[in-house]
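K.L.:
Attaching a single structure in structure tokens format; questions to follow.
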Amino acid sequence: MFKRLLIAVILLALIGGGIVWFKFFRDGMIAQFMAGAVPPPVPVTALTVEPVTWTPGVEAVGTAISARGVDLAIESSGLVRSIDFAPNAVVTEGQVLLQIDDKAERAGLAAGEAALAVARAEAARAETLTSRGVGAANTLETAEAQVESARAQVAQRQTALDAKQSRAPFGGVVGIPRVEVGQYVLPGTIYATLQDLERMYVDFSVPEQQLSVVAQDQTVTVATEVGAFSAEGRIIAIEPQVDPNSRLARVRAEVDNTSASLLPGQFLRVRVELPAEAGVIALPQTAIVASLYGSYAYVLRKGEGDALTASQVFVQTGRRNGALIEVVSGLSAGDQVVTSGQNRLSNGAAVVIDDSVDLTVGE
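Listed below in structure tokens is the structure:
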């Protein structure tokens, strides 16, 4: 019995020792294999840094405003007798747009003109009598005063009659009617909008730090968010004060809109073009990686033979212009910089340039 137990213990010890030995042997072989294994080069895209001509600009967002645009309002109360325009119709200056019932005003004007005719006849009679010496001078003066009073009454009633008719103050495109025929309206009621779409203003704001580079007559480019409209214009006015709350200054530009593609109130991307600068180091923004420790780029260095390795270089960035970003320091002309594939890189990693695929996908 004791021999069997001893044999079993010895067998268990041999089996356990074999398992432990195999584990250490396996780990040692794996470590040896990994120490001798070389990871494959990481595919990246790259470009050579070259000085470019930089076209700086001030970016802003703006709002389109018609150079001439008003909300048309009614001057006199009454019933709407006729609406003499169609929605979105092009109207000319002085064209009748709306007619308010004016029967009472026309009757009053006729009565006033009749009274004026009577006053003139009385004045003529008084003048004749005075010239013959049979009329008093004060009678003529009274008759002439009555003529002036009657003339003023006619002018007043003519003004009241004109107020019953609304005309276009300038040529443009009229909007949707906001009143109906037969509706009773009060003075100040807005019945439509009128916009001159040939010339448009674009209002935008710039930070006070950039006011020094913005001036009148500078060229601006504007575009709608969806890219359906793009045009050039010029700055025509700069507000001579800075908003103390936002620290922004209001700027107004004028753009041509003969195609009527731009409508008042639309949101616009605005860029104020500044003088071009030569010899600026600029890269695609995809080449710069931002981190908590600063922005950096991977520069390709030649290793043994023709092998390339990625070296992490911290850079100082500056202005942005579309897809480009200015590099103030850290890089120089001739450096080869990785533009995509950085998420698979580490400092000193072997790389291979592969421009056949878009490595930005999935980054």
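Counting in my numbering, the sequence shown runs from 12 upward without gaps.
Think of the CB as a built atom: it goes at the ideal place given N, C-alpha and C, for glycine as much as any other residue.
Under the rule that 16 or more other beta-carbon atoms within 10 Å means buried, what is Asn268, buried or exposed?
P.N.:
It is buried - the Cβ of Asn268 has at least 16 other Cβ atoms within 10 Å.
K.L.:
Terminal residues of the continuous beta strand (DSSP E) containing Tyr307?
P.N.:
First-last of the beta strand (DSSP E) with Tyr307: 305–313.
K.L.:
Taking 8 Å as the threshold (C-beta atoms), are Pro67 and Arg330 in contact?
P.N.:
Result yes, Cβ atoms of Arg330 and Pro67 sit closer than 8 Å.
K.L.:
Please report the straight-line C-alpha distance between Val324 and Val262, rounded to a whole angstrom.
P.N.:
Spanning the two alpha carbons is a distance of roughly 40 Å.
K.L.:
Give me the Cβ distance between Gly183 and Gln164, rounded to the nearest whole Å; I'm assuming they're in contact under 8 Å.
P.N.:
That belief does not hold up - the Cβ atoms of Gly183 and Gln164 are roughly 36 Å apart, past 8 Å.
K.L.:
Inspect the beta-carbon positions of Val196 and Val91 and report whether they are closer than 8 Å.
P.N.:
Yes. Within cutoff.
K.L.:
Buried or exposed: Ala121, going by 16 or more other Cβ atoms within 10 Å of its Cβ?
P.N.:
With fewer than 16 other Cβ atoms within 10 Å, it is exposed.
K.L.:
Taking all protein chains shown into account, do 16 or more other C-beta atoms lie within 10 angstroms of the C-beta of Ile26, making it buried, or fewer, making it exposed?
P.N.:
So Ile26 counts as exposed.
K.L.:
Return yes when the Cβ of Thr230 is within less than 8 Å of the Cβ of Glu243, no when it is not.
P.N.:
Yes; because the gap between Cβ atoms is below 8 Å, this pair is in contact.
K.L.:
To the nearest angstrom, report how far apart Pro198 and Asn332 are at their CA atoms.
P.N.:
Near 52 Å, if we compare the C-alpha coordinates of Asn332 and Pro198.
K.L.:
Could you name the residues that DSSP lists as bridge partners for Arg131?
P.N.:
Bridge partners of Arg131: none, in fact.
K.L.:
Looking only at its own chain, which residues have a Cβ that is under 6 Å from the Cβ of Arg168, when we skip the five neighbours before and after it?
P.N.:
Excluding residues within five positions, the ones whose Cβ falls inside 6 Å are Gly119, Leu120, Gly123.
K.L.:
From what residue to what residue does the beta strand (DSSP E) around Asn332 run?
P.N.:
Element bounds for Asn332: 327–332.
K.L.:
Quick one: grab the DSSP three-state call for Gly68.
P.N.:
Of the three classes helix, strand and coil, the one that applies to Gly68 here is strand, per DSSP.
K.L.:
Does DSSP put Gln110 in a helix, a strand or coil?
P.N.:
Correct three-state label for Gln110: strand.
K.L.:
Between the alpha carbons of Lys114 and Arg245, how many angstroms are there, rounded?
P.N.:
If you take the alpha carbons of Lys114 and Arg245, they lie about 51 Å apart.
K.L.:
Any chance you could list the alpha helix (DSSP H) runs of at least 4 consecutive residues sitting entirely within the segment 137–179, in chain order?
P.N.:
Segments of the alpha helix (DSSP H) lying fully in the segment 137–179: 148–173.
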